[in-house]
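> Residue numbers (my numbering): 15 to 373.
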Amino acid sequence: MNAKASVPMSSVRFLLEAVKAKGHCIPTLLESLDIDPSFIDKNDTFPAYEYGMLYQKIIWLEQDESFAMLSGGKMPNGTFRMMCLCIIHARSLSKALYRCSDFFEVCRSPTIKPVLIKKGRYALVTFAPVDIIANDFTEDMMANEPIEKIRTTMSIWHHFISWLIGRRLVLKAAYFMANRPSDVEYYKTLFQSEVKFSQHANALVFPATYLDMPIVQTEETLRGFLKTAPYQLLVMVENDNSLKSQVMALIGKDFSRELPSADEVASTLNMSVSTLRRRLSDESTSYQQIKDECRKEAAITYMNVPRLSINDIASLMGFDEPSAFFRSFKKWTGMTPGEYRKSEQYVRFEKSLNERISN
Numbered sequence: 015m016n017a018k019a020s021v022p023m024s025s026v027r028f029l030l031e032a033v034k035a036k037g038h039c040i041p042t043l044l045e046s047l048d049i050d051p052s053f054i055d056k057n058d059t060f061p062a063y064e065y066g067m068l069y070q071k072i073i074w075l076e077q078d079e080s081f082a083m084l085s086g087g088k089m090p091n092g093t094f095r096m097m098c099l100c101i102i103h104a105r106s107l108s109k110a111l112y113r114c115s116d117f118f119e120v121c122r123s124p125t126i127k128p129v130l131i132k133k134g135r136y137a138l139v140t141f142a143p144v145d146i147i148a149n150d151f152t153e154d155m156m157a158n159e160p161i162e163k164i165r166t167t168m169s170i171w172h173h174f175i176s177w178l179i180g181r182r183l184v185l186k187a188a189y190f191m192a193n194r195p196s197d198v199e200y201y202k203t204l205f206q207s208e209v210k211f212s213q214h215a216n217a218l219v220f221p222a223t224y225l226d227m228p229i230v231q232t233e234e235t236l237r238g239f240l241k242t243a244p245y246q247l248l249v250m251v252e253n254d255n256s257l258k259s260q261v262m263a264l265i266g267k268d269f270s271r272e273l274p275s276a277d278e279v280a281s282t283l284n285m286s287v288s289t290l291r292r293r294l295s296d297e298s299t300s301y302q303q304i305k306d307e308c309r310k311e312a313a314i315t316y317m318n319v320p321r322l323s324i325n326d327i328a329s330l331m332g333f334d335e336p337s338a339f340f341r342s343f344k345k346w347t348g349m350t351p352g353e354y355r356k357s358e359q360y361v362r363f364e365k366s367l368n369e370r371i372s373n
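Have a look at this one:
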């Protein structure tokens with residue numbers, strides 16, 4: 015499990031309040047996932063993988079893949095998979111996003127859809143009512159949504175778009191209709207961009223050049239992606255403003271494609287590669303160390319998912335041959351994948367996971 019990736023405890027509390035409002039017993043839910051309620055009371059952050067498991071359980075309970083997100087209606091389980099299958103063969107990001115919007119129109123269950131808008135050198139993804147209710151919709155309806163719901167929705171779409179193109183979508187800004195919250199720094203860390211509040215719309219703003227990028231994912235990579243969902247759409251970098259965290263954000267969590275070079279990362283961060291290396295050295299790390307750390311954490315996260323075979327994991331990690339993954343995993347952990355899955359650590363994790371699923 016990636017123990018470093020975390021979400022703020024406010025996100026967990028918001029999710030639990032939403033579940034409670036639906037009539038579910040919170041103590042019973044937490045007990046089924048072996049989560050100690052006192053941990054939630056005493057800490058400011060929550061492990062991202064555990065948050066993903068909690069979210070997954072709630073989605074199953076509610077039979078709603080858009081639970082606690084901006085949708086305006088239920089999205090039955092399986093909807094996200096069908097949307098992905100509808101868009102994954104699009105020739106470019108812009109065409110994929112237009113198809114997303116069309117899918118929400120046809121789906122009919124949600125009443126709010128994502129919308130792509132081009133404005134000169136920049137583009138933005140925002141949200142609007144589906145056509146059938148557009149005349150009855152007012153901006154106040156969107157403005158009154160809890161900011162935690164908007165933040166989760168925009169973060170998930172940001173990560174999803176990044177996964178589609180195989181690289182982090184570097185934002186110019188993230189706009190929120192809500193008033194400025196107290197934890198602004200977390201928003202800046204999460205979106206790695208300028209963040210503005212009291213805006214006319216909730217939107218992700220980014221250079222329009224991204225729209226011409228091809229969709230690099232396939233039905234095969236989608237299968238592996240869905241097996242770990244929603245972890246890859248929720249996971250975040252360490253909650254600080256260090257350069258290391260910024261680099262980790264640019265590397266992302268999709269290791270099925272070639273990772274950006276140090277030169278590319280430095281260019282994105284508007285610095286020379288020598289400055290990047292010097293500043294990372296000041297933080298007692300290096301670009302290669304960060305890449306290795308990210309790979310190791312991702313590999314262990316995938317190894318902790320029993321339904322993923324070793325071949326599945328090798329593919330998700332970008333290895334053409336499982337044997338190459340075997341060698342790398344042993345280098346990272348001191349154990350082969352098979353030895354890891356026989357280890358006491360994994361056996362405990364699998365037992366806990368099976369208990370969660372059965373409950």
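Idealized CB from N, CA, C, for every residue including glycine.
With a threshold of 7 Å on Cβ separation, who are the neighbours of Cys114 within its own chain once the five nearest residues in sequence on each side are excluded?
Met97, Ile101 and Pro128
> Does Ala187 come out as helix, strand or coil in the three-state DSSP assignment?
Ala187 falls in the strand class under three-state DSSP.
> Taking the beta strand (DSSP E) that Thr242 falls in, what are its first and last residues?
No beta strand (DSSP E) holds Thr242; the alpha helix (DSSP H) holding it covers Glu233 to Thr242.
> In terms of residue numbering, what span does the beta strand (DSSP E) encompassing Ile59 cover?
According to the sequence shown, residue 59 is Thr rather than Ile. Thr59 to Pro61 is the span of the beta strand (DSSP E), which, as asked, contains Thr59.
> DSSP puts Val280 in a beta bridge; with which residues?
Looking at the sequence shown, residue 280 is not Val but Ala. Looking at the DSSP assignment, Ala280 forms no beta bridge with any residue, so it has no partner.
> Give the DSSP bridge partners of Phe141, in chain order.
Beta bridge pairing from DSSP links Phe141 with Pro128.
> Flag this pair as touching only if the stretch 76-85 and the stretch 51-61 have three or more C-beta atom pairs under 8 Å; answer yes or no.
no
> Would you mind sorting Ile126 into buried or exposed? The rule is 16 or more other CB atoms within 10 Å of its CB.
buried
> Identify, in the order they occur along the chain, each residue of the same chain with its Cβ nearer than 7 Å to the Cβ of Lys163, setting aside the five sequence neighbours on each side.
Ala82, Met83 and Leu84
> Name, in chain order, the residues that DSSP records as bridge partners for Val21.
Phe60
> Can you tell me where the alpha helix (DSSP H) holding Leu248 begins and where it ends?
Counted as a single uninterrupted DSSP element, the alpha helix (DSSP H) harbouring Leu248 occupies residues Tyr245 to Leu248.
> For Asp268, count the other beta carbons within 10 Å of its own beta carbon; 16 or more makes it buried, fewer makes it exposed. Which is it?
buried
> Can you say whether Pro221 is buried or exposed, counting buried as having 16 or more other CB atoms within 10 angstroms of its CB?
exposed
> Can you say whether Ala192 is buried or exposed, counting buried as having 16 or more other CB atoms within 10 angstroms of its CB?
buried
> In terms of alpha-carbon separation, which member of Phe333, Asn318 and Lys345 lies closest to Phe356?
Note that residue 356 is Lys in the sequence shown, not Phe. Nearest option by C-alpha distance: Asn318.
> Which whole-angstrom value is the C-beta distance of Ser108 and Leu138, which I expect to be below 8 Å?
That belief does not hold up - the Cβ atoms of Ser108 and Leu138 are roughly 12 Å apart, past 8 Å.
> With distances taken Cα to Cα, identify the nearest neighbour of Gln213 among Ala243, Thr223 and Arg194.
Arg194
> Using the Cα positions of Glu353 and Leu240, report the straight-line distance between them to the nearest angstrom.
26 Å
> For Lys305, which of Ala328, Ala276 and Met285 has the nearest alpha-carbon?
Ala276
> What residues are listed by DSSP as bridge partners for Phe220?
Ala137
> Cβ of Gly238 within 8 Å of Cβ of Ser329?
yes
> Quick one: what does DSSP say Val209 is sitting in, helix, strand or coil?
In the three-state reduction of the DSSP assignment, Val209 falls in the strand class.
> What residue ranges within the stretch 37-124 form continuous beta strand (DSSP E) runs of no fewer than 3 residues, ordered along the chain?
59-61
> Return the CA-CA distance between Pro41 and Glu297, expressed in angstroms with no decimal places.
Per the coordinates, the alpha-carbon of Pro41 lies some 41 Å from the alpha-carbon of Glu297.
> For the alpha helix (DSSP H) containing Leu264, list its first residue and its last residue.
Per DSSP, Leu264 belongs to the alpha helix (DSSP H) from Leu257 to Ile265.
> Using the Cα positions of Asp334 and His173, report the straight-line distance between them to the nearest angstrom.
25 Å
> Alpha helix (DSSP H) containing Ser295: first to last residue?
Val287 to Asp296
> Under the three-state reduction of DSSP, which class applies to Met317: helix, strand or coil?
helix
> Between which two residues does the alpha helix (DSSP H) containing Leu178 stretch?
Ile161 to Ile179
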